[in-house]
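The sequence shown: position 92 = 92 (UniProt numbering), numbered continuously. A short worksheet on the structure shown next.
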Amino acid sequence: MPAGDSYAPLTIATANGHADVVKLLVKFKANLDIQLWCGSTALKIACSFGAVNIVATLLNAGASADLADAEGWSPLLSAAINGHYDNVCLLLEHNANVNAKGPGQATALRVAAEMGLAKMVRALVCGGASINEPSEDGVTPLIIAAKMGHDEVVQVLVNQGADLDRQSNTGASALLMAAMYNRQESLRIILDADANVDLEDYCGWTALSMAYFSGYPQLVHLILERRPASMRDPTVEAPLAADSTRGNEMQLRKYELTTETQLEVEMMPQQSVEVV
């Protein structure tokens, strides 16, 4: 059967979940890595569907663990995006490339982090995944987990040494994303790990200014509490924390953590916050 034939018996049997037929075809030396017109192999199909018994059969018979389809979806990425933990573990046991990149230069870890799959994230990191590897937009697993509010994933990544202050192509950090999307627990975890509260994106936004402007008083309090005691000024902080309940009636224009801390607040008409 030539490669690219959309009616290869092995791929059809796999797509229909016929594990016994797959075993029979493997026994009679079917081409394990035959690809459909879209580039999918039987293994990639099985990983997408979560057919762990078929995945095991194919891997044990020597199927390529890394052969991706025409769009760049490898078996590992397919298993990750469909939430199939057992298949991910099987692929890692058979030395699949844990840092293989698919569409958008996303890795399996980036995909699992975005979906909030903490158990899978832990398995991938333990399997050698590059914890700070960004996708094409510069977003790391920690940044996307913080944005989505996946607190358990954030905690796993922080515990495993993720770069707290890594910035995306727009300068957004995990802390800024947590502030923008009102992810209180994720923000607390990142703050407790000593993220840089002063870090600005490329438009000048800090986590504090974002939380203040967006009207998230709990986040404002959390961030202000992390300032060194020697730099705290209650005459400035008290009104700031109180006024944060007013949301975008006021915009925090500048926040500098120095020995002479300055908080410049300017009255402005209501406007929307552009997503970073």
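Virtual Cβ for every residue (Gly too), placed ideally from N, Cα, C.
Following the DSSP letters along the chain, one finds residue 184 inside the alpha helix (DSSP H) bounded by residues 184-192.
With fewer than 16 other Cβ atoms from the protein chains shown falling within 10 Å of its own Cβ, residue 93 counts as exposed.
Runs of alpha helix (DSSP H) with 4 or more residues, each lying fully within the stretch 84-143, are found at 85-93, 108-115 and 118-126, listed in chain order. In the structure shown, residue 152 falls within a helical segment according to DSSP collapsed to helix, strand and coil.
For the pair residue 131 and residue 154, the CB atoms are not nearer than the 8 Å cut-off. Between residue 43 and residue 26, the gap from beta carbon to beta carbon reaches 8 Å or more. The beta carbon of residue 144 sits closer than 6 Å to those of 113 and 114, all from its chain and outside the five residues before and after it, given in chain order.
Here the alpha carbon of residue 10 sits roughly 10 Å from the alpha carbon of residue 29. Rounded to whole angstroms, residue 14 and residue 206 show a C-alpha spacing of 50 Å. Residue 88 is a Cβ neighbour of residue 80, given a cutoff of 8 Å.
Here residue 108 is actually not in contact with residue 90; their C-beta atoms are around 13 Å apart, not less than 8 Å.
Residue 225 sits in a helix when the DSSP states are folded into three classes.
In the structure shown, the three-state DSSP call for residue 70 is coil. In this structure, the straight-line span from the alpha carbon of residue 41 to that of residue 68 is close to 8 Å. In the three-state scheme derived from DSSP, where H, G and I count as helix and E and B as strand, residue 53 is classed as helix. Closest in C-alpha terms to residue 216, from the list 195, 196 and 184, comes 184.
Secondary structure of residue 20 (DSSP, three-state): helix.
8 Å or more divides the Cβ of residue 52 from the Cβ of residue 20. Counting along the chain, residue 81 sits inside the alpha helix (DSSP H) bounded by residues 75-81. Assigned with DSSP and collapsed to three states, residue 212 falls in helix.
For residue 8, there is no enclosing alpha helix (DSSP H), as DSSP marks it with neither H nor E. For the options 70, 135 and 77, the alpha carbon positioned closest to that of residue 37 is the one of 70.
Rounded to whole angstroms, residue 138 and residue 32 show a C-alpha spacing of 36 Å. Classified as exposed, residue 24 has fewer than 16 neighbouring CB atoms from the shown chains inside 10 Å of its CB.
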